[in-house]
Amino acid sequence: MSMRIPFRSPGVTAAGLVLATTGTIMSTTALPATAQSYPTTDFPQITNSTGATDVSVTWYNRSVGVTGAVSDNESDYATTVVCVYGFVGPNATEGWHDMECRGVNGGTKGFNFTLDGSDISGGFRSVQVRLGRQYDINGEPGRVWEDETRTRNRPAV
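To convert, note that position 42 of the sequence shown is 42 in the UniProt record's numbering; the numbers rise steadily by one, no gaps.
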């Protein structure tokens with residue numbers, strides 16, 4: 001014996017309505033959203049006489065995300081420093097627009113930051129990574145001496 005729904009036509013049962021409704025809900029359920037995939041560029045390890053750095057760049061719409069680590073194998077008067085520059089033009093041309101540096105004296109230090117290219121039409125076209133040493137002179141930080149440089153361009157889409 002089936003139960004009749006008072007507001008429906010005489011041929012519709014409660015079980016039939018549940019099946020029909022379930023089928024409708026299941027057929028219109030949207031698939032879960034997937035995160036947008038951005039291209040990444042891994043720089044080859046850069047080394048100098050006192051340390052090294054590993055850097056990976058994620059190319060967002062205009063800005064770039066930078067992750068990596070810098071290491072220093074000596075704890076002395078010099079700090080190993082990595083500086084990352086975002087350039088408007090390809091091959092590190094047209095001047096750098098944003099940059100950040102990270103350093104360590106003895107040991108390894110990880111980093112994760114974003115170079116902001118939101119106000120650049122088309123965003124950063126290239127990124128340059130520079131590894132160097134910063135010497136302390138009489139307790140004051142001195143100039144960063146750059147030893148090694150690598151440049152990579154935004155991948156074609």
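We put the CB at the ideal spot given by N, CA and C, even for glycine.
Exercise. Exposed or buried, what is Gly122 when buried is set at 16 or more other beta-carbons lying within 10 Å of its beta-carbon?
Worked result: The sequence position of residue 122 within the sequence shown is 122, counting from 1. So Gly122 ends up on the exposed side.
Exercise. Hey, quick one: how far does the beta strand (DSSP E) through Ala92 stretch, first residue to last?
Worked result: Sequence index remark: in the sequence shown, residue 92 carries index 92 (1-based). Counting along the chain, Ala92 falls outside any beta strand (DSSP E), and DSSP gives it neither H nor E.
Problem set entry | Ile5 versus Ser37 - alpha carbon distance | Along the sequence shown, read from residue 1 onward, the residue named residue 5 stands at position 5. Along the sequence shown, read from residue 1 onward, the residue named residue 37 stands at position 37. Note that Ile5 scores a pLDDT of 38, beneath 50, so its modelled location is shaky; the value from the coordinates is reported in the next line. In a straight line, the C-alpha of Ile5 is about 50 angstroms away from that of Ser37.
For this session: Leaving aside the five residues before and after Ala153 along the sequence, list all residues of the same chain whose C-beta is less than 6 angstroms from its C-beta, in chain order.
Result: As a working mapping, residue 153 is identified with position 153 in the sequence shown. Here residue 153 turns out to be Asn, not Ala, going by the sequence shown. Cβ within range, chain order: Pro90, Ser126.
Exercise. Which residues in the same chain have their Cβ closer than 8 angstroms to the Cβ of Pro155, if we skip the five residues on either side of it in sequence?
Worked result: Against the sequence shown, residue 155 aligns to sequence position 155. Closer than 8 angstroms at the Cβ level, and outside the excluded window around Pro155, lie Pro39, Thr41, Trp59.
Problem set entry | Tyr77 classed as buried or exposed, judged by whether at least 16 other C-beta atoms fall within 10 angstroms | Reading the sequence shown from its first residue, position 77 is the one you call residue 77. Exposed, because fewer than 16 other Cβ atoms sit within 10 Å of the Cβ of Tyr77.
Problem set entry | Val157, buried or exposed, once every other Cβ within 10 Å from all chains shown has been counted against 16 | Stepping through the sequence shown from its first residue, residue 157 is reached at position 157. Burial call: exposed.
Exercise. Helix, strand or coil: how does DSSP classify Glu148 here?
Worked result: Taking the sequence shown and counting its residues from 1, the one referred to as residue 148 is at position 148. Strand at Glu148.
Exercise. Looking at Gln128 and Tyr85, is the spacing between their C-beta atoms short of 8 angstroms?
Worked result: What you label residue 85 is simply residue 85 of the sequence shown in a count that begins at 1. What you label residue 128 is simply residue 128 of the sequence shown in a count that begins at 1. Their beta carbons are under 8 angstroms apart, which means Tyr85 touches Gln128 by this criterion.
For this session: Consult DSSP for Val157 and reduce its assignment to one of helix, strand or coil.
Result: Translated into positions along the sequence shown, residue 157 becomes position 157. Coil.
Exercise. Does the segment 90-99 come close enough to the segment 45-61 to have 3 or more Cβ pairs within less than 8 angstroms?
Worked result: no
Exercise. Any idea which residues DSSP pairs Arg125 with across the strands?
Worked result: Residue numbering aside, residue 125 sits at position 125 when the sequence shown is read from its first letter. In the DSSP output, where bridge partners are listed per residue, Arg125 has none listed.
For this session: Taking only the alpha-carbon atoms, compute the straight-line gap between Leu115 and Phe124 and give it to the nearest angstrom.
Result: As a first step, residue 115 is located in the sequence shown; it is residue number 115 there, counting from the start. As a first step, residue 124 is located in the sequence shown; it is residue number 124 there, counting from the start. If you take the alpha carbons of Leu115 and Phe124, they lie about 9 angstroms apart.
Problem set entry | Presumed contact (8 angstroms Cβ cut-off) between Glu74 and Thr50, rounded CB distance | As a working mapping, residue 74 is identified with position 74 in the sequence shown. As a working mapping, residue 50 is identified with position 50 in the sequence shown. Contact flag correct, Cβ pair sits at about 5 angstroms.
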